[in-house]
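Enquirer: The structure that follows is given in the form of structure tokens.
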Amino acid sequence: MDHPLIQQIERTGFPLHFQERESDYPAEDIFGDEIMSNDIYFIMKDGSVVLEQNLAEYAVQHLDALEKQAEA
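Residue 1495 is where the sequence shown starts when you use our numbering, and the numbers rise one by one after that.
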């Protein structure tokens, strides 16, 4: 079992104290998913709001990224 700080870094790339906390946050992201308390979201240069779990979908739809999967 990993320490919670290690889990945070593995999930987001940063320790919790490096993230800005917002009390006034958007109600939903660009895909219509509700942003809840403690959710991690990103504000893109164009102003789009994207939940952490939707970053891959955003990359494919808006940045013309190609999704690939390595063979097992």
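We put the beta carbon where it would ideally sit given N, CA and C, even for glycine.
How long is the line joining the alpha carbons of tyrosine 1583 and glutamine 1563, rounded to whole angstroms?
Expert: The structure shown does not extend to residue 1583, since the chain is modelled only from 1495 through 1566, so no value can be given for it.
Enquirer: Mind reading off the beta-carbon distance from glutamate 1551 to phenylalanine 1525? Whole number of angstroms is fine, and I expect it under 8 angstroms.
Expert: For the purposes of this step, residue 1551 is taken as residue 57 along the sequence shown, with counting starting at 1. For the purposes of this step, residue 1525 is taken as residue 31 along the sequence shown, with counting starting at 1. Confirmed, about 7 angstroms.
Enquirer: Of the choices Asp1558, Ala1559 and Glu1528, whose alpha-carbon is the least far from that of leucine 1545?
Expert: Taking the sequence shown and counting its residues from 1, the one referred to as residue 1545 is at position 51. Comparing Cα positions, the closest option is Glu1528.
Enquirer: In angstroms with no decimal places, state the Cα-to-Cα distance between leucine 1557 and methionine 1538.
Expert: Locating residue 1557 in the sequence shown gives position 63, counting from the first residue. Locating residue 1538 in the sequence shown gives position 44, counting from the first residue. Using only the alpha carbons, I get a separation of about 11 angstroms.
Enquirer: Can you grab the Cα-Cα spacing for the pair aspartate 1523 / serine 1542, in whole Å?
Expert: Along the sequence shown, read from residue 1 onward, the residue named residue 1523 stands at position 29. Along the sequence shown, read from residue 1 onward, the residue named residue 1542 stands at position 48. Near 8 angstroms, if we compare the C-alpha coordinates of serine 1542 and aspartate 1523.
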